[in-house]
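Following: one structure in structure tokens, then a few remarks.
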Amino acid sequence: MSFEIELPVPETKVLAISSHVAYGHVGNTMATLIMQSLGCEVAAINTVQLSNHLGYGQARGSRTTPSEIIEIWTGLNEVGLGDFDMLLSGYLPDEASIESVLHIAKESRRTHRKNSPDRLFWMLDPVMGDDGRLYVSEGIIPAYKRALQHADLILPNHFEAEILSEVKIFDIKTLKTAFTTLHSRFKVPHVLITSLNLIYPGFDEASLFVAGSSMKSDKSPRVFLVKVAKIDCFFSGTGDMFSALTLVRFREAICEIPGLIQTNHWLSMDNVRSIDLPLAKATEKSLASMHEILTISKKSRDIEMTDYYNKIGGVEAANANENASRNHRAALAKAAEVKILRNIQRLKYPIKMFKAVEI
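When the sequence shown is numbered by the working numbering, its final residue is 595 and no position is left out of the sequence of numbers.
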């Protein structure tokens with residue numbers, strides 16, 4: 237008896253360079269699981285190895301040096317395993333690590349499929365900070381700006397997009413200015429900005445926006461916007477989750493259009509509307525999968541924390557002293573781990589619930 241499993245993308249080899257945790261799902265631990273479950277062959281290089289993510293209040297582990305990143309990649313090439321279709325880069329702890337990934341991208345394109353439209357496609361998540369706060373050194377910013385012109389698709393959040401574009405984003409006009417800057421100045425073909433707070437009709441405190449653009453031949457933007465319902469819980473690893481889902485769904489949408497995968501940077505013709513772009517289709521699907529799984533994770537978190545408070549004698553006891561507060565923080569972080577593994581089917585068959593609009 238034989239059967240064929242339906243997968244969203246043709247055989248796709250991905251090099252994922254990001255963080256790793258022994259427990260939970262953030263960085264490569266999240267991204268690799270998602271991409272593999274959707275049919276990608278993934279080689280992972282970890283930039284840090286930690287016991288757990290930092291939401292627990294403490295972690296132990298080690299950092300991979302930039303030279304070690306290059307060494308592992310070189311080893312893959314030496315045995316014929318370096319011909320990747322896509323590169324997904326996430327958390328990079330310092331400027332030298334960014335330079336090492338840039339070296340990998342440039343050398344991969346020079347060595348494999350040189351001058352071919354189906355050369356390595358680089359999705360860069362410029363992990364720097366959120367909510368107005370950097371959690372990396374400021375020296376990383378110019379390094380990321382140097383890397384932008386070599387990336388095919390970048391996925392900054394609102395704060396990171398402002399840093400890279402040097403545009404304060406608060407409404408549709410400033411959003412379009414930021415896209416224009418990233419397309420024209422840095423020559424980034426595709427940009428997807430997450431966790432946007434905007435002055436826009438229909439916006440409320442229970443919502444966030446995701447906005448994207450694939451540039452035209454004159455490097456002007458064509459912008460779409462997706463309104464997303466907030467889930468009242470802080471989860472770690474959601475950026476990595478979105479990046480991995482977008483990688484697969486974007487390649488899926490590209491492959492559905494005859495010949496598009498053979499074009500430079502997978503850019504659609506100028507007459508394609510923003511809401512019909514492969515990037516828009518990928519965003520809708522990725523957000524649908526995320527919303528389903530995070531909604532389930534929130535319900536599980538609430539149940540687990542109710543049990544925790546009952547066990548310790550109530551919410552007041554959670555912060556009765558320093559030790560109690562430390563245990564409480566760890567309990568919150570554990571309860572809020574994304575429940576990805578037991579809900580993996582929801583990644584494959586998302587129920588469409590968000591629609592891109594043209595702006």
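We put the CB at the ideal spot given by N, CA and C, even for glycine.
Proximity to residue i [Cα-Cα], best of the options
i: residue 496; options: 296, 515, 554; result: 515
i: residue 594; options: 566, 560, 510; result: 510
i: residue 380; options: 446, 330, 408; result: 330
i: residue 252; options: 280, 296, 243; result: 280
i: residue 453; options: 503, 410, 487, 273; result: 503
i: residue 276; options: 482, 588, 525; result: 482
i: residue 344; options: 506, 434, 322, 326; result: 322
i: residue 332; options: 352, 354, 300; result: 300
i: residue 585; options: 525, 556, 568; result: 525
i: residue 292; options: 588, 566, 553, 592; result: 566
i: residue 443; options: 268, 465, 308; result: 465
i: residue 262; options: 286, 512, 428, 440; result: 286
i: residue 303; options: 523, 356, 334; result: 334
Nearest-angstrom beta carbon gap, residue j and residue i [assumed within contact, 8 Å]
i: residue 575; j: residue 539; result: Contact doesn't hold; Cβ gap of about 11 Å is too wide.
i: residue 388; j: residue 359; result: 7 Å
i: residue 256; j: residue 284; result: 7 Å
i: residue 243; j: residue 274; result: 7 Å
i: residue 520; j: residue 463; result: Going by Cβ atoms, the distance from residue 520 to residue 463 rounds to 11 Å, so no, they are not a contact pair.
i: residue 264; j: residue 282; result: 6 Å
i: residue 326; j: residue 361; result: 5 Å
Enclosing alpha helix (DSSP H) for residue i [first to last residue]
i: residue 589; result: From DSSP, residue 589 is part of no alpha helix (DSSP H); its letter is neither H nor E.
i: residue 535; result: 514 to 548
Close-in-space but distant-in-sequence residues of the same chain around residue i (CB under 8 Å, 5 per side omitted)
i: residue 306; result: 336, 339, 340
i: residue 436; result: 407, 408, 445, 461
i: residue 266; result: 473, 476, 477, 480, 574, 576
Residue-level contact to chain C via CB, residue i, 8 Å cutoff
i: residue 496; result: No chain C is part of this structure, which consists of one protein chain only.
First through last residue of the beta strand (DSSP E) which encompasses residue i
i: residue 282; result: 276 to 286
i: residue 448; result: 443 to 450
i: residue 435; result: Here residue 435 belongs to no beta strand (DSSP E), and DSSP marks it neither H nor E.
i: residue 250; result: 248 to 257
i: residue 336; result: Where residue 336 is concerned, there is no enclosing beta strand (DSSP E), although the alpha helix (DSSP H) it sits in stretches over 331 to 347.
7 Å CB neighbourhood of residue i in its chain, flanking five on each side removed
i: residue 469; result: 534, 537, 572
i: residue 368; result: 395
i: residue 457; result: 412, 415, 416, 419, 449, 451
i: residue 491; result: 245, 246, 497
i: residue 531; result: 467
Neighbourhood of residue i by C-beta, 6 Å cutoff - its chain only, sequence neighbours within 5 removed
i: residue 384; result: 422, 424
i: residue 393; result: 366, 430, 431
i: residue 238; result: With a pLDDT of only 49 at residue 238, under 50, the local geometry of the prediction cannot be trusted, and no value is derived from it.
(request) Identify every run of the alpha helix (DSSP H) within the segment 460 to 504, keeping only runs that are complete inside it and at least 4 residues long; order them along the chain. (result) Within the segment 460 to 504, the complete alpha helix (DSSP H) runs of at least 4 residues are 474 to 491.
(request) Kindly provide the ranges of any alpha helix (DSSP H) runs that are 4 or more residues long and lie completely inside the segment 392 to 429, ordered along the chain. (result) Counting whole runs of 4 or more residues, the segment 392 to 429 contains the alpha helix (DSSP H) stretches 394 to 401, 408 to 420.
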